[in-house]
Amino acid sequence: MMKLIAGSLTPLLLAVASMYNGADAFSSPARNSASPTMLGSLQMHRSTSLMSKAAAITSDTNNQELSSNVAKLKRVLEQEYISFFNPMVDSWYAKDVTFNDPMTSLSGVESYRNNVDMLAGRTLMGKVLFDGAGIQLHSVTGGGIKESSNGQIEIEDIITRWTLKVTAKILPWKPEAVFSGISVYKVQPGGEEGISIIGQTDYWDSINIKPNTSSLSPKQQYQKVPTSLAINDFLNQLKPDGFLAPAAAPELPYLLLRRGDGYEIRKYPGFVGIETSYQRRDYGFGSLGAFAKGMNPLAPSLMKVWNDDNDAKDKIMTWPLEFALPGQGSDAPAPPALAVEKAGDGQWKSVSIASQSERVIAVRSFEDAAMGPVVRNCDRELRELLKRDGLVPKEDSSDFVVFAQYDAVHSMGKRRSEVWIELKDGGHPF
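If you count by the working numbering, then the sequence shown holds residues 134 to 563, one letter each, in order.
(1) With the cut-off set at 8 angstroms, would you say Q269 and T237 are in Cβ contact?
(2) Below 8 angstroms between beta carbons: does that hold for L199 and I278?
(3) Is Q197 helix, strand or coil by DSSP?
(4) For Q370 versus P308, is the C-beta spacing smaller than 8 angstroms?
(5) Tell me the DSSP secondary structure of G462 in three-state form.
(6) Can you name, in chain order, every residue of its own chain whose Cβ lies under 6 angstroms from the Cβ of E551, other than the five neighbours on each side?
(7) Would you kindly work out how many angstroms separate the C-alpha atoms of G417 and G477, rounded to a whole number?
(8) Among residues of its own chain, excluding the 5 on either side of P469, which ones have a beta-carbon nearer than 7 angstroms to its beta-carbon?
(9) Keeping to the same chain, check which residues put their C-beta closer than 6 angstroms to that of T300; ignore five residues upstream and five downstream.
(10) Rounded to whole angstroms, what's the CA-CA distance from D223 to F533? Just pull it up for me.
(11) Assuming the contact rule is C-beta atoms closer than 8 angstroms, V320 and I291 should be a hit. Round their C-beta distance to whole Å, please.
(12) Is L431 buried or exposed, if buried means 16 or more other CB atoms sit within 10 Å of its CB?
(13) With a threshold of 16 other CB atoms inside 10 Å of the CB of P402, please say whether the residue is buried or exposed.
(14) Return the CA-CA distance between L471 and W452, expressed in angstroms with no decimal places.
(15) Answer with buried or exposed for R399, where buried requires no fewer than 16 other C-beta atoms within 10 angstroms of its C-beta.
(16) Determine the DSSP secondary structure at F159, reduced to helix, strand or coil.
(17) Can you give me the Cβ contacts of E280 inside the same chain, cut-off strictly under 8 angstroms, excluding the 5 residues immediately before and after it?
(18) Quick test of the definition: if touching needs 3 or more C-beta pairs under 8 angstroms, does the stretch 207-221 touch the stretch 246-255?
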């Protein structure tokens, strides 16, 4: 607050000094004969104009101070997420700050800190219950300065998008619970840092998104729901999965952006791979498997089939080989030299190099055998879910179906397959 006061006084004093200089000029003898009434009116007009300018300068300075403090708060929030609120910077929170998520309601910084410390395993109870807690921050937006209808300066809500993962280690099978969503921070001028958080409300992507909302604006898209839905969402993630078939190879990494109701949104890095056309899937696996000897292919195998129930058309199978590491940009890396040497030559005429840049993918899992009707039905279900939640697929994506298979062809156990739909730029909030 002292910074705000000092910043306000400086332009005000300068404006007042300028006003007095103007008054001295008007009090000097005039060259023409003007009446005292006219001089008084001119002085009044001059004074009013200067006071208005002073008020405007003061308002602009205050807004600049607030904007600077909001920028600092955003950086503090980024650091708190990275460190999982260790430490939590108390000076940016009001002492009676409130915290609400779909399952809990708390009041006061100390209560919130204790809750986070337990989740992170920094308390005795937390060490017994949880392991591996971490949060991935996707974005920090909002915090604009505006003037309300009654002339008061207001700070727009700050909104973060994030994904939280935690393992319930107290259960023998150690399930991982995943939550993604947004936090809405109510901020007002005042406090130790010039502004302070007076309230935080969390919404989960899996339960709080309004159905059939075309807007991606958080304020329009999210709604509060009964606590029972949140409890069920958490408990359902703690159920045993059963015996899963192992992946055929190390998996192509991704960033989980959203765990939605019936689907996920992931960001995949750019990758380079090999592809071939096929009629029977086992032939495609055999061809790429023989070609990739001496290389390190990644899971999943990606199959692209036409979406017209005509299985006689050629399909395309792709195996990722290498992906762009963090900091290497969004394009695909260069292909391995061995792949370049072999592709399209001799017995490998049907195999070519395939490159894919970074992209955002919507994913829906299925367990049944990856037959044509099953895959296409899963694709239709995913498109309905995306429409429900205001997400837009890339143009022309409905002409074909892309599905991913992680396990080997004849592996035992619960199969893991997915349908993938690439999302349009601007058709998602990420």
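Virtual Cβ for every residue (Gly too), placed ideally from N, Cα, C.
With the structure as the only source:
(1) no
(2) yes
(3) helix
(4) yes
(5) coil
(6) V496, S498, A537
(7) 15 angstroms
(8) M428, L454, E455
(9) D264, G265, K307, E309
(10) 52 angstroms
(11) 6 angstroms
(12) buried
(13) buried
(14) 15 angstroms
(15) buried
(16) For F159, the predicted structure reports a pLDDT of 39, less than 50, and the residue's modelled location is therefore unreliable. A value from the coordinates is still provided. Residue state, collapsed to three classes: helix.
(17) I286, E287
(18) yes
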